[in-house]
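Report on one structure; see the data block that follows.
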Amino acid sequence: MTDKQAVTLSINGDCHDVLADPRRTLLQVLREQLSLTGTKCGCNNGVCGSCTVLIDDLPMRACLTLAVAATDREITTIEGLETGGELHPVQQAFIEYQGMQCGFCTPGMVIAAKALLDRNPDPTLDEIRDELSGNLCRCTGYVKIADAVLSLVDADRGQN
Amino acid sequence: MSEILNSKSSYCRKTSFWRKPESSESTRLHVIPLDSGFRQNDDLNLDDDLTLNDGLNLNYGVSRRKFLKQTGGLTFCFAFAGFFGNGGTYAAESNPTPGPAMAEFNAYVRISPDGTVTIINPAAEMGQGVMTALPVIVAEELDVEWDDVRIESSPPIGEVYGDPLFFNRIFTTSSRTVANYYERLRRFGRDARQVLLENAAGKWGVPVAELRTAPSLVIHDKSGRSISYGEIAAFAHISADSAAPGETPGEIGASAGTLDNQPIQFKARENYRLVGRNVPRRDLPGKVTGTAQYSMDARPAGMVYAAVSRAPVEGAALRAVNERDARSISGIIDVIKRSESVAVVATSYPAALKARDRLEISWHEVEGMSHFNSDESMQEHRAAARDLSRNGFPWDVQGDITSLERGQNALEPGTLRDTQGDVAAPGRGQVALEPRVSRDAQDDMSTPADEATRVCSAEYWTDYVYHAQMEPLNAVVSVTDAGKKAEVWAGTQAPANTVDAVAKILDIPGNDVKLNRSLLGGGFGRRTVPSMDFVVDAAWLSKLLRRPVKVVWTREDDLRSGHLKPMTAHFLRAAVDDQGKICAWQHRVASDEAIKLLDRPSYEAFGKVPITSMLGSSHHGMDRSIGDAYDLPQRLVEHIPMDTGVRLYPVRGVGATPNNLAIESFLDEIAAQRNIDPVDLRLRLLHKSARGRRIIETVAGMADWTRARPGRALGIAYTHYVDTVAAAIAEISCDHTSEKIIVHNVWIAADVGLAIQPDNVRAQLEGAMIHGLGYALSERVTIRNGLIQQRNFHDYSVMRMADAPVIHVELLHSDSAPTGVGETGSILAPATVANAFAVLTGKRLRHIPFTPDRIRQVLRT
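Chains A and B, in that order, are what the protein sequence lines are.
When we follow the working numbering, the leftmost residue of the first sequence carries the number 1, and every step to the right adds one.
When we follow the working numbering, the leftmost residue of the second sequence carries the number 1, and every step to the right adds one.
If you want it as structure tokens, here you go:
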């Protein structure tokens with residue numbers, strides 16, 4: 001009943017073999033067993049979005065996802081967004097537009113914003129507001145978060 | 001003229017929340033014994049020749065420069081008036097080994113020979129940007145290149161880093177950080193720069209007056225020479241060797257003598273390079289990459305996890321625990337009990353949680369509290385507010401309000417009759433307008449008597465709300481040395497309270513508690529509580545288990561142990577003449593005082609008055625002149641204490657949010673009755689405040705106040721909380737299907753004095769506005785049988801992005817000192833919505849949050 005199970009997780013391009021209770025969530029494995037503490041736990045109930053990660057490019061709640069269910073899938077956490085020491089454009093935009101205050105919701109918010117832009121590179125303000133509404137932020141007025149995401153839309157438009 | 005103080009005691013300034021320390025008091029400190037717990041080090045005797053500042057007119061006095069020769073480095077120390085003695089201690093501890101020579105300025109600034117300038121940030125960084133804003137103030141006056149600046153958190157030494165307003169504790173609350181540290185920090189920067197100038201002058205043999213600074217450089221134009229701050233730090237170290245070795249303090253800079261004999265000039269504002277220019281916040285990069293460290297992320301070696309059940313109501317003691325089922329869980333280490341908490345310790349957090357779920361715990365009842373119901377308590381609050389035979393604590397009194405008594409008929413039954421339940425019912429709380437009845441010429445001295453003067457009255461109510469910081473509360477404590485020492489990882493707004501609480505529960509001196517000040521995933525007041533209920537369990541558990549223990553509250557734990565913003569009931573009366581002039585004003589606030597139960601030391605230090613409940617209710621400025629307040633010369637503002645026993649605590653906006661709802665709603669009701677535009681009424685009431693009128697006119701212009709907008713309406717509110725003068729206008733509509741209020745736009749105009757980081761000020765105003773819209777529309781805690789009913793964000797709903805308005809902010813700069821902005825938006829929000837709703841529907845919402853059921857009730861009346 002408490003037998004642990006060998007789980008292979010592909011996270012940010014690296015394979016990790018972990019021994020986990022099959023009822024262990026991906027969030028628990030990320031934070032406690034793999035020390036990937038960038039993914040945050042705000043409610044453990046799927047309602048705040050702080051634990052949002054990408055699983056096969058889709059934004060998912062790590063607190064509602066069993067680790068065993070994430071095997072053979074590509075997991076991206078906030079630690080995996082940088083490439084070659086360069087911040088991802090969404091990360092840069094969040095800094096530039098000061099799209100955070102305490103920063104606790106930020107990893108989930110950045111991941112959700114990246115997922116939105118990957119799926120829809122040209123969202124309207126209303127689409128951004130709707131898509132990111134699963135991610136709670138207690139500190140900001142959301143204005144600067146929306147500005148950060150919109151800046152990337154405008155940048156894309158400018159290139160086209 | 002100088003004065004000697006004895007540093008063996010702790011000193012602090014007794015002052016009110018509202019009053020800035022007066023300059024004439026700057027060398028005279030009122031003595032209040034403080035709890036120990038600050039790190040003390042009696043090896044240093046800086047007090048022996050401490051001189052208080054005598055030449056400069058200081059609010060937070062900085063004495064003459066001090067330096068201290070210690071092993072491994074040179075410590076410059078700018079001793080504070082009255083709170084000195086440990087700055088040098090800390091500096092020595094922070095640089096314990098001999099290394100590169102380092103000139104240490106006053107333990108707020110260290111300059112190393114490589115040119116790195118380390119600025120110490122005393123305040124808690126919880127997203128409000130102070131870890132950047134405070135160092136910017138120092139760096140501007142020091143004239144240092146920002147890229148050379150490193151920022152470090154200060155240790156929890158209140159005497160050196162504390163805020164005099166809060167009895168020399170580090171207490172990052174109340175929107176006060178930038179405002180309260182501003183004067184001190186810019187003097188530090190200025191005086192440290194002067195030391196550099198004097199040392200360069202001495203080296204070159206030129207007068208200080210011939211020198212200037214460019215960022216991180218001292219320049220002598222006549223000879224074309226320049227020298228970097230780092231180079232000066234290296235040689236200043238050598239020159240100071242002439243001081244007696246050991247711990248003998250002395251003075252330097254005698255070569256120029258300008259510091260003590262003449263006022264040193266601050267940098268002219270037109271030369272600012274950093275202040276007002278939006279220096280990038282230093283905490284942001286780590287927050288977007290996931291490397292920022294919160295206490296929740298701390299993992300000392302050998303750490304175990306604990307899930308803790310705490311007493312459900314304040315003062316409840318543990319009765320019994322059935323732990324048999326819990327102990328069968330794999331990974332469990334132990335189940336450990338205290339009177340006020342039961343802990344399950346396990347090798348993993350999920351195991352601890354799972355085992356805790358299997359505990360059967362019962363608690364002793366607490367008389368009164370275990371049967372407490374918030375709905376019933378609200379009825380009692382309302383009755384108390386309305387019961388004019390019950391005298392309140394007179395908070396703000398001026399003139400007389402006898403003209404109100406002559407309008408007793410306004411309070412006729414029916415107008416304000418109460419009913420059961422907690423939603424606004426038909427006919428309740430409406431403004432009553434009755435002609436004055438009792439006319440007696442002899443009584444008419446205070447206010448003009450005329451047939452048209454009427455007495456209005458109204459009621460407003462607010463429910464309990466919860467802090468809801470995004471990071472559930474947590475801490476890690478590692479007790480070592482057979483229980484004699486402890487290391488703590490915690491996100492705290494009050495570091496000394498944290499050290500004190502841990503020291504007390506471990507029965508060790510505060511000196512032996514090392515606190516690692518983590519970033520805070522939000523605070524909003526919760527993380528100052530003296531009990532440090534989210535820290536102490538990890539401490540006693542670690543002592544028992546002899547290994548580091550992490551206690552993380554679930555969101556459910558965080559809500560269940562919520563320290564709520566008090567519920568309030570307001571009863572207001574005003575005598576209004578036919579011109580709309582308010583001849584008398586009475587505002588009765590029935591509520592608990594939020595710090596009375598759970599921050600007893602502060603409550604007593606502030607004189608046992610309803611200090612947080614009544615914030616925002618007074619009609620005068622912080623210096624008690626009218627300031628930027630409404631001109632209501634005949635007034636009685638009073639507090640009716642409720643003392644429910646509920647766990648309460650200040651939450652962002654404190655009493656100012658409910659008080660603003662009441663005042664600003666009532667003004668709009670008066671305006672509507674007298675057919676006065678709400679903007680015009682406020683301009684009239686602000687006839688003595690040019691700042692206030694400018695803000696009202698600005699925000700009205702931003703919102704295009706007079707433009708009709710079909711299906712939508714505007715509502716305005718104004719505040720002068722902590723000297724920030726601000727007004728907001730909300731544009732709303734009402735979705736008649738869902739009976740939900742939709743806030744489309746909010747315009748905010750604010751005069752914040754000097755904005756150190758203007759974008760950050762905007763961020764604070766925007767964020768607090770969203771916070772306050774949560775208070776207005778959805779946030780509510782209810783209590784049944786003493787237990788908080790809400791569990792998580794599904795039933796305690798804070799505003800989400802799709803519901804958030806577009807927020808437009810305009811800052812009006814002025815030359816005055818910076819003022820506080822952390823709460824302003826949260827204070828203004830509910831009244832703007834209530835006033836807009838009244839314009840939109842002709843109905844008045846009186847009870848926040850304005851949930852669909854309450855909106856439905858009001859619309860059906």
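Cβ atoms here follow ideal geometry from the backbone N, Cα and C, with glycine treated the same way.
These numbers were taken from a predicted model, which means no experiment stands behind them.
CB contact below 8 Å: residue i versus chain A
i, result
"L572/B", "no"
"Y349/B", "yes"
"Q128/B", "yes"
"V136/B", "no"
"G522/B", "yes"
"Y775/B", "no"
"Q493/B", "no"
"Y466/B", "no"
Residues near residue i in its chain [Cβ-Cβ closer than 6 Å; skip 5 each side]
i, result
"Y718/B", "R682, A727"
"L812/B", "D751"
"V699/B", "A727, I729, W747, A749"
"V117/B", "I111, V144, D148, V149"
"T172/B", "A123, A124, Q493"
Close beta carbons around residue i, own chain, < 7 Å, minus the five adjacent residues each side
i, result
"G774/B", "V798, M799"
"T204/A", "The requested residue 204/A is not part of the displayed model; chain A covers only 1 to 160."
"I788/B", "L559, R560, G562, V781"
8 Å Cβ cut-off: residues of chain D touching residue i
i, result
"A763/B", "No chain D is present in this structure, whose protein chains are A and B."
N-terminal and C-terminal residue of the beta strand (DSSP E) that residue i is part of
i, result
"R573/B", "568-576"
"K550/B", "549-552"
"V513/B", "513-517"
Rounded C-alpha distance that separates residue i from residue j
i, j, result
"V149/A", "V806/B", "15 Å"
"A352/B", "M769/B", "38 Å"
"F235/B", "L197/B", "13 Å"
"I11/A", "F104/A", "21 Å"
"G645/B", "A594/B", "10 Å"
"V651/B", "E365/B", "27 Å"
"L185/B", "L134/B", "7 Å"
"A20/A", "N44/A", "18 Å"
"A146/A", "V455/B", "47 Å"
"V275/B", "P495/B", "28 Å"
"Q92/A", "H220/B", "41 Å"
"R138/A", "R129/A", "15 Å"
"F78/B", "F188/B", "The predicted position of F78/B is uncertain, since its pLDDT is 45 and thus under 50; a value taken from the coordinates is nonetheless stated next. Between F78/B and F188/B, the C-alpha separation is close to 8 Å."
Any chain B beta carbon closer than 8 Å to residue i
i, result
"P107/A", "yes"
"L152/A", "no"
"E86/A", "no"
"Q159/A", "At Q159/A the pLDDT is 46, less than 50, meaning the model places this residue with poor confidence; the figure from the coordinates comes in the next sentence. No, Q159/A does not count as interfacial toward chain B."
"G38/A", "yes"
"G13/A", "no"
"N120/A", "no"
"Q28/A", "yes"
"L19/A", "no"
8 Å CB neighbourhood of residue i in its chain, flanking five on each side removed
i, result
"G772/B", "G653, T657, G825, S826, I827, L828, A829, P830"
"R856/B", "E739"
"S151/A", "A93, E96, Y97"
Cβ separation of residue i and residue j, assumed to be a contact under 8 Å, to the nearest whole Å
i, j, result
"Y349/B", "Y305/B", "4 Å"
"R358/B", "A311/B", "So it is not a contact: roughly 19 Å between Cβ atoms."
"A776/B", "I848/B", "6 Å"
"S542/B", "V477/B", "5 Å"
"I157/B", "R282/B", "About 22 Å separates the two Cβ atoms, so there is no contact after all."
Limits of the unbroken alpha helix (DSSP H) element including residue i
i, result
"R190/B", "177-204"
"F837/B", "824-841"
"M378/B", "374-386"
"P658/B", "656-673"
"E96/A", "89-96"
"F235/B", "229-239"
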